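Numbering (the numbering used here), first residue to last: 1 to 214.
Inspection log for the structure reproduced underneath, given as structure tokens.
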């Protein structure tokens, strides 16, 4: 999604939707506050509950192949967890759920977004597995980079559909190792955005209580 407000010189920035489609139309975003970032600072400091905002989108091709039925691997780092969370919800709630493994990379335990949610899902949702690496915590069970851990953690990925979201270096490294472990190139997806989306011309949705900054 594109979020911004040119009336206040807040440039539009791309944010991934962090939830599966819902009957009430609610949209969740994960917005990491970036130092001196005009849009993320606006969201965290000025965007109030019930403020009208214009969301344009969604854009991109980060979606499952409906012809595939094999297991799914979600590789995410930082706020790249947003599209992984949306995919996990959609895949597990589908009429024919697929096996889903989420491998999340965070710097420390404090950065492990939705950690308790994933632990709960492992216990309550059949077919869901959660793996975590904390790259700046040498005492964590896993603290290496995900591309270095994949061969040991999962081994061969033949028949898997893989989704990678996060910083560019992370995405490139994960995509390469996934193919090396047997995933088809066509089955390895990375987050993409259109550079020139069409302007959106509708009534701005209203931010409801609890939906800002998630």
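Glycine residues also receive a C-beta, built at the ideal position from the N, C-alpha and C atoms.
Computed from a prediction, not measured in an experiment: that's the story for all the values here.
When burial is assigned at 16 or more other CB atoms within 10 Å of the CB, is residue i buried or exposed?
i           : result
residue 152 : exposed
residue 72  : buried
residue 148 : exposed
residue 187 : buried
residue 122 : exposed
residue 111 : buried
residue 165 : buried
In angstroms, rounded to a whole number, what distance separates the CA positions of residue i and residue j?
i           : j           : result
residue 213 : residue 3   : With a pLDDT of 37 at residue 213, under the threshold of 50, the modelled position of this residue cannot be trusted, and the question is left open.
residue 10  : residue 27  : 20 Å
residue 185 : residue 179 : 6 Å
residue 25  : residue 190 : 25 Å
residue 174 : residue 156 : 14 Å
residue 60  : residue 117 : 26 Å
How is the alpha helix (DSSP H) around residue i delimited, first residue to last?
i           : result
residue 169 : 168 to 180
residue 161 : Careful: residue 161 lies outside any alpha helix (DSSP H), inside the beta strand (DSSP E) at 161 to 165.
Give the range of the beta strand (DSSP E) segment to which residue i is assigned.
i           : result
residue 34  : No beta strand (DSSP E) holds residue 34; DSSP gives it neither H nor E.
residue 143 : It is not in any beta strand (DSSP E) - residue 143 carries neither H nor E in the DSSP assignment.
residue 129 : 128 to 134
residue 55  : 54 to 56
residue 116 : Note, residue 116: premise wrong, no beta strand (DSSP E); alpha helix (DSSP H) at 115 to 124.
residue 76  : 72 to 77
Measure the beta-carbon distance from residue i to residue j and round it to whole angstroms, keeping in mind my assumption that it falls under 8 Å.
i           : j           : result
residue 17  : residue 75  : At roughly 18 Å, the Cβ-Cβ gap does not stay under 8 Å, so residue 17 and residue 75 are not in contact.
residue 136 : residue 108 : 5 Å
residue 34  : residue 15  : Not confirmed; about 12 Å, so no contact.
On the three-pair Cβ rule with 8 Å, is the region 125 to 135 touching the region 93 to 106?
The region 125 to 135 and the region 93 to 106 touch, with no fewer than 3 CB-CB distances between them shorter than 8 Å.
Is the region 90 to 100 touching the region 57 to 72, taking contact as three or more C-beta pairs under 8 Å?
In this structure the region 90 to 100 touches the region 57 to 72; the number of beta carbon pairs closer than 8 Å is three or more.
Determine, using beta-carbon pairs with one atom in the region 46 to 54 and one in the region 137 to 145, whether at least three such pairs fall under 8 Å.
Contact between the region 46 to 54 and the region 137 to 145 is absent: fewer than three C-beta pairs spanning the two stretches fall below 8 Å.
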